[in-house]
């Protein structure tokens, strides 16, 4: 540490010259403090200036691309949403966060050598508090990661050439210097930049100070949020197409009475479970190893059952030991007629290096309003923890269950976590799925439920523009 090295140098001076150490220490610490404050000021100025530039770029994205494209009606609303996603939510949120971040800057106008320690302490606490206050709301970027992936594919591939041409023509006709894809990468770059700023601030502060502890806690929280965003991006890269397809199919089914949102930002929990009665709905595949994942969104539970042939699995295990080349599974399993599945037309597959691809066997969306939970028929023991998730058929006259999913988790924590989360989500919709359950506070605040008063409530950017007119 720099402080230890300084003290060691002072001891050497004392031993060799016999001079009074106190004045040397005092002068040395003063010089170090001045150096630290200069560094802090530089880091803070860069944080604020780049924040202003970022917010300006967000508004330019909306003014130059989103609003004109919405007005010219050349694109359907689904296409606009696919390209821009929740960018308006990000702009609205970032406006509020930017104001909070800039609040303490006025204090630096009066800084002087006599009060710089006190001033910088207040400024650093204010910066850290801004991040902590809005920490959970940064998860709005989780949904945007999916938007960025979709838009990137449009810009860099021929996935939708007509849409790509419309966007390029829009830029040419208006002589816009910055392309849409250049704007769309900025939110991802910015959210990953915040931990770097906070880490630099921590390095420039006395490690024994209160503000260092405060900013360290802030850094840990922001890094946790970034890990969450990265995890959501990974999930969307693997399952995003499935979520998008299921969402479209669900909306097309006019018999559904409940609205579900399968945006990646709405995902609350996910995990692998054992589906013990998979054969009861006609999904007995003796030659297939099944893998079932449950995804719990705010408004729905999604099941995804994928399979890999046993022969392919054994072959894959042999290749892992011998490091031989991978073979691609040739046959795509077709489910038996009559059972309800939500499959894409070409049977989407997924695989990782050195593994055979897996095929989608069964997918299902269950609105939270149609979920009931019961204890499993077996007692929990070891790594076997049973519970039943029942999809209640609201169209049935007697309200009898449409289907029962007998599930087994590998740990008591996973089981209780899934059940308690579904219960809490149901309570938010005024549904009682288990009268014996106890309430556990739900972590995190929604973007739209920020408290009024000290921070103005967030609203859609478009609504703000309408109010100003």
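Numbering (this note's numbering), first residue to last: 102 to 570. We put the CB at the ideal spot given by N, CA and C, even for glycine.
Close beta carbons around residue i, own chain, < 7 Å, minus the five adjacent residues each side
i	result
residue 138	217, 221
residue 319	229, 232, 233, 299
residue 301	144
residue 426	Because residue 426 carries a pLDDT of 34, less than 50, the predicted location of this residue cannot be relied on, and no value is offered for it.
residue 539	Confidence is the limiting factor: at residue 539 the pLDDT is only 38, short of 50, which leaves the residue's position unreliable and the question unanswerable from this model.
residue 106	With a pLDDT of 38 at residue 106, under the threshold of 50, the modelled position of that residue is not reliable, and the figure given next carries that caveat. Cβ neighbours of residue 106 beyond the five flanking positions: none.
residue 357	351
residue 212	220
residue 312	222, 225, 226, 306
residue 215	none
Whole-angstrom C-beta distance between residue j and residue i, which should lie under 8 Å
i	j	result
residue 186	residue 248	3 Å
residue 372	residue 515	6 Å
residue 227	residue 204	6 Å
residue 473	residue 377	Rounded, the Cβ-Cβ distance is 17 Å, inconsistent with contact.
residue 370	residue 519	7 Å
residue 208	residue 316	Actually they do not touch by this definition, with Cβ atoms about 16 Å apart.
residue 166	residue 271	7 Å
residue 485	residue 403	No, residue 485 and residue 403 are not in contact; Cβ-Cβ is about 24 Å, not under 8 Å.
residue 250	residue 337	6 Å
Outcome for residue i when other beta-carbon atoms lying within 10 angstroms are tallied against a minimum of 16
i	result
residue 44	Outside the shown range of the chain, which is 102 to 570, sits residue 44, and nothing can be said about it.
residue 184	buried
residue 152	buried
residue 200	exposed
residue 231	buried
residue 408	buried
residue 534	The predicted position of residue 534 is uncertain, since its pLDDT is 47 and thus under 50; a value taken from the coordinates is nonetheless stated next. Burial call: buried.
residue 530	exposed
residue 297	exposed
residue 81	Because the chain here runs from 102 to 570, residue 81 falls outside it and cannot be looked at.
residue 430	The pLDDT assigned to residue 430 is 29, lower than 50, so where the model puts this residue is not dependable; a value taken from the coordinates is nonetheless given after this. Buried, since its Cβ has 16 or more Cβ neighbours within 10 Å.
residue 258	exposed
residue 419	Legend: pLDDT at residue 419 = 48, less than 50; position of this residue unreliable, value from coordinates given subsequently. Exposed, since its Cβ has fewer than 16 Cβ neighbours within 10 Å.
residue 190	buried
residue 471	buried
residue 260	exposed
residue 398	buried
residue 146	exposed
residue 422	Bear in mind that a pLDDT of 45 at residue 422, under 50, signals an unreliable position, so the number given afterwards is only what the model happens to contain. Result: exposed.
residue 164	exposed
residue 177	exposed
residue 524	buried
residue 463	buried
Selected residue, minimal CA-CA separation from residue i, among the options
i	options	result
residue 268	481, 318, 174, 508	174
residue 288	327, 204, 352, 396	327
residue 392	374, 401, 399	374
residue 285	504, 146, 333, 158	158
residue 488	468, 270, 512	512
residue 465	334, 154, 477, 491	491
residue 504	258, 274, 522, 467	467
residue 280	206, 314, 162, 172	162
residue 274	170, 334, 178	170
residue 343	483, 313, 395, 294	395
residue 283	310, 294, 252	252
residue 481	463, 493, 517	517
residue 522	324, 266, 311, 368	368
residue 349	176, 164, 180	180
residue 461	262, 493, 390	390
Residues near residue i in its chain [Cβ-Cβ closer than 8 Å; skip 5 each side]
i	result
residue 330	239, 240, 242, 243, 246, 292
residue 322	232, 233, 236
residue 195	155, 156, 159
residue 476	487, 488, 489
residue 596	What is shown of the chain runs 102 to 570, which leaves residue 596 out entirely.
Sequence-distant residues of its chain with Cβ nearer than 6 Å to residue i (five each side left out)
i	result
residue 352	none
residue 400	361, 362, 469
residue 359	468, 470
residue 334	246
residue 324	296
Heavy atom of the ligand SAH within 7 Å of residue i beta-carbon
i	result
residue 357	With respect to the ligand SAH, the structure shown offers nothing to examine, as it has no ligands at all.
is_contact[residue i, chain D] using C-beta, thresh 8 Å
i	result
residue 269	Given the protein chain composition of this structure (a single chain), no chain D is represented.
**Prompt:** Just checking, does the segment 242 to 259 make contact with the segment 363 to 372 on the three C-beta pairs under 8 Å criterion?
**Reply:** With the cut-off at 8 Å, the segment 242 to 259 and the segment 363 to 372 touch.
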